[in-house]
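Structure, as structure tokens:
Numbering (our numbering), first residue to last: 672 to 823.
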């Protein structure tokens with residue numbers, strides 16, 4: 672595992688502060704042709720196809736606006752990769768890691784500082800929907816994004 676202590680410390684701080692946060696900050700950004708009214712819309716879950724870690728064209732629009740927000744504001748972001756329950760434990764863990772990593776690479780490519788992005792893989796350990804249905808599995812193949820204002 673290639674984790675530096677400062678990165679690990681940032682990951683712990685981000686994850687703890689996210690759990691303790693009672694409210695989300697407000698922001699106004701554009702997403703494609705739609706007007707966004709808060710950060711929650713910028714950070715909605717990105718879902719993936721089965722056994723893939725590829726960003727869809729529609730999700731690129733959201734990530735472009737998120738990158739613009741992050742480069743103009745003093746925030747760090749935690750990317751939490753997840754998988755459905757199909758496949759092996761290790762395979763799902765690696766897939767969830769690949770999904771978080773592809774989002775990080777995209778944001779870095781758009782100008783977001785890599786040290787402000789923390790990725791964590793959860794495999795299939797935290798489902799948000801029923802893994803017995805195709806719709807449920809689709810929702811579980813995701814990357815969740817959590818913002819934390821730096822110094823705020």
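Cβ coordinates follow ideal geometry from the N, Cα and C atoms, glycine included. Here the structure is a predicted model, which is why all the values come from computation and not from measurement.
Pull the bridge partners of residue i from the DSSP assignment, please.
i	result
residue 814	717, 752
residue 775	Residue 775 is not bridged to any residue.
residue 746	820
Using C-beta distances below 8 Å, list every residue in its chain close to residue i, excluding the 5 sequence neighbours before and after it, in chain order.
i	result
residue 811	753, 754, 755, 756, 795, 798, 799, 800, 802
residue 726	717, 734, 773, 774, 777
residue 768	752, 790, 792
residue 822	745
So for residue i, helix, strand or coil by DSSP?
i	result
residue 725	coil
residue 790	strand
residue 804	coil
residue 819	strand
residue 784	coil
residue 757	coil
Please go through the same chain and pick out, in chain order, the residues whose beta-carbon is closer than 6 Å to the beta-carbon of residue i, but skip the five residues on each side of it.
i	result
residue 774	750, 814
residue 716	813, 815
residue 804	none
Between residue i and residue j, how many whole angstroms is the CB-CB distance? I'm expecting something under 8 Å.
i	j	result
residue 748	residue 817	7 Å
residue 778	residue 724	About 15 Å; that fails the 8 Å criterion.
Original post:
With a cut-off of 8 Å, do at least 3 Cβ pairs link the region 778-788 to the region 756-766?
Top reply: no
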